[in-house]
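The block underneath contains the structure these notes are about, expressed in structure tokens.
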Amino acid sequence: MLNRIKYKKLSRELQKLWSFDDFLFYRMQEMKADQIEALATEDELWDREKQLNDDRFRYIFNDKKEFYKRFTENPASNYMNREIIFLEDCSEKDFFDFCKRHKKVVLKPVNMYAGLGIKIVDASDADTIASEFDRLKAEKYVAEEYVYQAAEYSTIYPKSLNTVRVTTFITDSGEPVILFAVNQFGQKDSFVDNHDEAAIWAAVDIGDGTVTAAEVEATDGRVYDIHPDTGASILGFRNPCWAEIKKLALELACVVPECRLVGWDIAVTDDYRLEVIEGNVTPELNLYQCISGRGLREVLGI
């Protein structure tokens, strides 16, 4: 009842933009009026994403083969150091040798997203590798050397590669800036950190790389300040190599400047190197607003 009363105190203009369910989902009852006014609706954010990312270049991010080619074509870049092969371009023996060489391999569909279709292959299971090859080749899978993460991330959740997404924005003057950053952690025995049902997001302070706001479960209001599987503290988690992560993200933003708004999933390896996992031209702007309470209306020129 109290929340309903608070909602009715919003201006008529704000009530036109936001339903009562929106009010609860964004936790607007905890916000001041100027904070609510700074929020952009999901439709507005979606339209702005499409305006900022040139359709002629989005394919680079939506096709793993194109992405890997673009971000590994400069040998001096060191953006992606893991070995990668495309099954449509190799023989069964090539694939088998690749798996043996790396012991643990990640298989990804070239054109899927959100962690869908990903498999982990253990090289000791040679029979499975052989039996799966023809199908995986036909479905144009990519095979990647498994990336082992820094201990700090495994402490939160050890079963997935937990990345930090740094979303960059190229301003009208052509300057790359960091719009926001979030940590992505797997849960529920998932081996990926970005599937809709398996991911836990947490907003990161751009200044020092520390988690300042945890995701809230929309259905029951549960706050993920503690990881439900490991009991490790997510709130206050500090990303290692933070200065290097920011520097890398700003550099990445300039590789395909025609796409001005990109979320970069970056891993910190077990020997504290940085590895670019992927770039996203739909970087979940709305979810960030929900977690952080920070509106993106002004900064994105909506």
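Quick note on the numbering used here: the sequence shown kicks off at 386 and runs consecutively.
Ideal placement from N, C-alpha and C gives every residue a C-beta, glycine not left out.
Assuming contact is defined by CB atoms lying nearer than 8 Å, are residue i and residue j in contact in what I supplied?
{"i": "G648", "j": "P625", "result": "no"}
{"i": "F446", "j": "V666", "result": "yes"}
{"i": "F595", "j": "V589", "result": "Before going on, a small fix: residue 595 reads as Thr here, not Phe. In contact: T595 and V589 (Cβ atoms closer than 8 Å)."}
{"i": "A638", "j": "P543", "result": "no"}
{"i": "A508", "j": "I470", "result": "no"}
{"i": "V491", "j": "I505", "result": "yes"}
{"i": "H487", "j": "Y526", "result": "no"}
{"i": "R682", "j": "L424", "result": "yes"}
{"i": "L521", "j": "Q534", "result": "no"}
{"i": "E524", "j": "P494", "result": "yes"}
Measuring only the C-alpha atoms, how far is residue i from residue j?
{"i": "I421", "j": "Y657", "result": "39 Å"}
{"i": "E537", "j": "Y464", "result": "21 Å"}
{"i": "S558", "j": "K417", "result": "32 Å"}
{"i": "E477", "j": "E517", "result": "10 Å"}
{"i": "Q414", "j": "E398", "result": "17 Å"}
{"i": "G502", "j": "L409", "result": "33 Å"}
{"i": "V577", "j": "Y453", "result": "19 Å"}
{"i": "Q674", "j": "Q436", "result": "19 Å"}
Kindly give me the distance between the Cβ atoms of residue i and residue j, rounded to whole angstroms, as I take these residues to be in contact under 8 Å.
{"i": "L633", "j": "I662", "result": "Contact doesn't hold; Cβ gap of about 12 Å is too wide."}
{"i": "I563", "j": "F622", "result": "Their Cβ separation, rounded to whole angstroms, is 18 Å, which puts I563 and F622 out of contact at 8 Å."}
{"i": "Q569", "j": "T548", "result": "5 Å"}
{"i": "F456", "j": "C644", "result": "F456 to C644, Cβ: 13 Å. No contact."}
{"i": "N496", "j": "D448", "result": "6 Å"}
Look up residue i in the DSSP assignment and give the residues it is bridged to.
{"i": "Q534", "result": "T654"}
{"i": "N438", "result": "C644"}
{"i": "R550", "result": "V567, D650"}
{"i": "E660", "result": "A652"}
{"i": "S690", "result": "Summary: the structure shown does not reach residue 690, with the chain confined to residues 386 through 687, and so no result is reported for it."}
{"i": "I585", "result": "F570"}
{"i": "L492", "result": "K504, A528"}
{"i": "I471", "result": "Note that residue 471 corresponds to Phe in the displayed sequence, not to Ile. V527, per the DSSP bridge assignment."}
Kindly say whether residue i, judged by its beta-carbon, lies nearer than 8 Å to any beta-carbon of chain B.
{"i": "W586", "result": "In the structure shown, chain B cannot be found, because there is only a single protein chain."}
Spatial neighbours of residue i within its chain, please: CB distance less than 6 Å, with the 5 preceding and 5 following residues excluded, ordered by chain position.
{"i": "E427", "result": "N671"}
{"i": "R433", "result": "L685, I687"}
{"i": "A599", "result": "A587, V608, Y609, D610, I619, L620"}
{"i": "I585", "result": "F570, Q572, E600, Y609"}
Go through its chain and collect everything with a Cβ distance to residue i's Cβ below 8 Å, but skip five positions before and after it.
{"i": "I591", "result": "I563, F565, A566, K631"}
{"i": "R389", "result": "F405"}
Could you pull out every residue in the same chain whose Cβ sits closer than 7 Å to the Cβ of residue i, ignoring the five residues on either side in sequence?
{"i": "E629", "result": "L659"}
{"i": "T654", "result": "V532, Y533, Q534, A535, E660"}
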